[in-house]
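Residue numbers (our numbering): -3 to 1209.
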């Protein structure tokens, strides 16, 4: 591909693409037209399937600024090609945020019907465009997003919305809070279009054409026509009916998915909204007319957001469950308008606590007096948060799974086999002197048999059944391709609160601090203290229909005080002489507080605070709560008890969740307006430490058993939480993630300063349990890391240390990941980074969380599952309605079952094709083939029933240590296929030549000539009616019976159960199918019925030969069973499913012992003794290398400095 005109769009982003420009070429188009006519339309079909070929075949390379057609290619591993047409339009400005006059916009709107044309049409209307005093804008649309040509950068760019301007929060208030005029709104609509997530349900005809043009159905249609021409009318008709049923089922499924997605967005696609204009008027418009910069008013009773918007006045209570899977309402506050926070560049990610996202439900809005709650539209349409999620469903990325790549390679091998058969048929037919027509038909037939067109359907059958089983287990899937990947998970990350532990925390007690000294722990809470006032007011709770709503922790802490929460009214505003949002009253009515301002909890800051005024007092108070370490750093040092660290560690070691409280009294001369203008940093300074709330976080009942099952299955588990380090370690020990007697090493990393480089201090949290002066060790997943003499160990790290290690210690980061089990105080972004880091060392990563702060990690993981009450959420590929982690084991079990089912079906299809391929090749040598009804029975009835029922085996009830293969290119899988191919081939050849040695044998031509009605043609190589084959003969009959039984035998042999699927005898539909087919074929073989023989074109053979065929079939069945279940199962023990395992002396000795016990395998021991291949997966390779490092793990109380060779300095703490 020529690269001189290549550019990147979306550079550095997930959807980065390369783009080339092309212009139509007349002589190329003429050549393509001639080729299309000469090929009967096949060339046009090929170019439809391959867009890069179509563009290169009809266009010439040009600069992007002059291109009419663009060729796009993704930069990921899949390198997918798409084409796009360049369009042109007229605009008064070059960008949607340019200043324009009303007259030019009005004039342009009058010629709007001339405005948008394809680039080549624009050249035909050049005079019209030259007459317009406007800018000509070039753009193209890709995956529902418009990209505009930028003359300055000579590149295409997209306008996301107000974020495109990269303005500060203060600038949003200054420049965008007054709304837009109608003229400016119309002008911006030229670029941004309608504000709608337009999920159109395609027409039935459009879907039908697109489906029929699929290569699978074109191949199927070609096969049907070929068979019909050869007078296989019944067989071709059955395949036509089957194809129509598959098309109908596919169209129904696709339309159902589109309808479901359409219903997902239709609730907010069109509604009336109140837009504030610059002249302070309020105008009712449709939501589809909104553009970035519009100011809309939120009604007090709420609404469903039709766009992404930033809150500039008031507060809103929002349910974002559709986006996060978390059903707990969250409070959104106004964007900072002053202070350091206001100078930061606005982004929806950083300021999501102030942003209302499209599709979220605003339950309630609150402001003071008669003022409106206002938001500024930031993004519209598909550029919104929900629009991007809908795009990810409409245009899913292919999954990069090794099985899919291997399946493609294997199909290519079958294509090669078909090509060899193609030339074989030509040679044989030419040598036998048959007609040219017969040569062509035979060659095409053998190719179709080698590559059966039903393979794609066969491989997806297992996923369809598994998806239904997952739904019965309460697991809903929006990405079926990830089901197979779930069967390969070898590491699972868990959130803590709400995932491993209960959502609801109970207040165990409090420990107040006065004058820098802790008082004794207490369960009583006095209402006459700042401590109680902080518990009662520092939250974002609301009341909806008299019921408290909000964060479960806030509800528990608030309820412990027995206080009453009320919504503020104008009466309260006058009473407090300040605008307040809600009122809190103690149960004894001793105190009443009005909440003036709220700073909701931030995962990044690990705290929240409120500004309140107590009734009767003139000053304002600040109450703050959050992570103890964070709160202590914001407090005056003398107010923090000296025993703070020891007390906190004592509680967290026991698994308690600890929250610290603080208070500060603001200056009495500060007015309400001044308080509103203060930044968060100004408010949260010089706090007085109040004490600790000790929360008891109970582990869910199912947690320990699930983690134990994962551990036994050799699946590594991690905890990723925003909670305290020691609390996380305690919970990890309590739930069995870290055994009590294994060491935990805390990595405290510090960023570099002016004098010192970055460093890590390795702190041993707890020594292993000693029994009889010896260390007891339980095997840990990935125990390649531990030598036989070393105890198990685990690393624990905080989010802050995680950032330092990733940035300054890349040489030890991957080694650290191999044993890191606890990640505490992690932000949502850090969770995503961790998942990506684990994937970079070739772990197949699963993520399980509640969806609130885990969305990024859930999407990035190979298999993310969100615990949510929703039936399906776009927060992750899988959603579990069962609120505990047992869904993980169910998902992995079903994934393993689906993966093994895919292998079984693929192996069966390979053998099915090869059995028929061999039979046809043998029959071609005697100018014969299988008959119409014979093909109908085997290729339509038997194949369809077996594929449909073979996939119905449920998953095995427990996880095992062994994992299913992820690749077809492994010795056990390939050996299984090759051994069965050789076995089937030998028995077919044996049968073919044995029947020709019988005394009663006659050639097909002799059988035909003995039929008096065809005596005139006995000298020709033709059948009755001038057909091409002599069907009714002894070779055909013998091979038909043998091959029919071979299909059933390999189906049963490949339909394995344990350890990944339930035994086949529990799959009653498969058992019934095989029984009926066995019975039918055995019956017509041993007890021939003339009518059936006539229809099936079966020759009359002696009864003793029928018995001989039965013996041959039984011998084949026994040998197939021995090959698959004895010899090949033994090979599994020598060749692991995950290639790259190092063969140590321990493996070699075990191999030698097993080889001595099994005949014929002595040579294998010698071969394996010399195998010392390095592992192919990075984490196993690193594990192997760590065995050679004597200074790992680091010694207790040692320090590692950045930028120096790895060594540890022992220093006292």
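Note that beta-carbon positions come from the ideal geometry of N, C-alpha and C, so glycine has one too.
Under three-state DSSP, which class holds residue 415? helix
Coil, strand or helix - residue 707 by DSSP: helix
From the DSSP secondary-structure annotation, give me the bridge partner or partners of residue 1061. Residue 1061 is not bridged to any residue.
Nonlocal neighbours in the same chain, by C-beta distance under 6 Å from residue 1069, ignoring five residues either side: 941 and 945
What ranges does the beta strand (DSSP E) occupy inside the segment 263 to 326, keeping only unbroken runs of at least 3 residues that lie completely in it? 268 to 272, 278 to 282, 291 to 294, 304 to 307 and 311 to 315
Going by C-alpha to C-alpha distance, which of 1109, 147, 40 and 93 sits closest to residue 209? 40
Going by DSSP in three states, residue 1070 sits in which element: helix, strand or coil? helix
Taking the alpha-carbon positions, what's the residue 189 to residue 23 distance? 37 Å
Proximal residues to residue 197 (C-beta, below 7 Å), its chain only, five neighbours per side dropped: 251, 254, 255 and 258
Using C-beta distances below 8 Å, list every residue in its chain close to residue 498, excluding the 5 sequence neighbours before and after it, in chain order. 693, 694, 695 and 696
Pairing CB atoms from the segment 970 to 980 with CB atoms from the segment 897 to 914, are three or more of them under 8 Å? yes
Taking buried to mean at least 16 other C-beta atoms within 10 Å of its own C-beta, is residue 358 buried or exposed? buried
Does DSSP put residue 683 in a helix, a strand or coil? strand
Would DSSP call residue 817 helix, strand or coil? strand
Same chain only: Cβ atoms within 7 Å of residue 650, ignoring 5 sequence neighbours per side: 726
Measure the C-alpha to C-alpha separation of residue 545 and residue 830 and round it to an integer number of angstroms. 32 Å
Cut-off 6 Å between Cβ atoms - residues of its own chain near residue 564, not counting five sequence neighbours on either side: 576, 577, 578 and 579
Along the alpha helix (DSSP H) that carries residue 644, what are the first and last residues, could you check? 640 to 649
If you follow the beta strand (DSSP E) that residue 80 is part of, which residue opens it and which one closes it? 77 to 81
What is the residue span of the alpha helix (DSSP H) that residue 795 lies within? 795 to 804
By how many angstroms is the C-alpha of residue 489 removed from the C-alpha of residue 1180? 23 Å
Can you give the Cα-Cα distance for residue 54 and residue 1087, rounded to whole angstroms? 59 Å
Extent of the continuous alpha helix (DSSP H) run through residue 916: 882 to 920
Using 8 Å for Cβ pairs, my map puts residue 962 next to residue 1120. What's the rounded Cβ distance? About 20 Å; that fails the 8 Å criterion.
May I ask you to report which of helix, strand or coil DSSP gives residue 966? coil
Under the three-state DSSP convention, the category residue 604 falls into: strand
Residue-level contact to chain C via CB, residue 133, 8 Å cutoff: As a matter of chain content, chain C is missing from the structure shown, which is built from one protein chain.
Residue from 1057, 816, 522 and 794 with nearest C-alpha to residue 788: 816
Straight-line Cα distance separating residue 741 from residue 765: Because residue 765 sits at a pLDDT of 38, beneath the cut-off of 50, its placement in the model cannot be relied upon, and the point is left open.
Please determine if the segment 788 to 805 and the segment 440 to 447 are in contact, where contact requires at least 3 C-beta pairs separated by less than 8 Å. no
Return the first residue and the last residue of the beta strand (DSSP E) that residue 578 is part of. 578 to 581
Cβ pair residue 1094, residue 1036 closer than 8 Å: yes
Anyone know if the C-beta pair for residue 1195 and residue 757 falls short of 8 Å? yes
Buried or exposed by the 16-neighbour rule on C-beta atoms within 10 Å, applied to residue 1198: buried
Burial state of residue 267 (16 or more Cβ within 10 Å): exposed
Classify residue 929: buried if its beta carbon has 16 or more other beta carbons within 10 angstroms, exposed otherwise. buried
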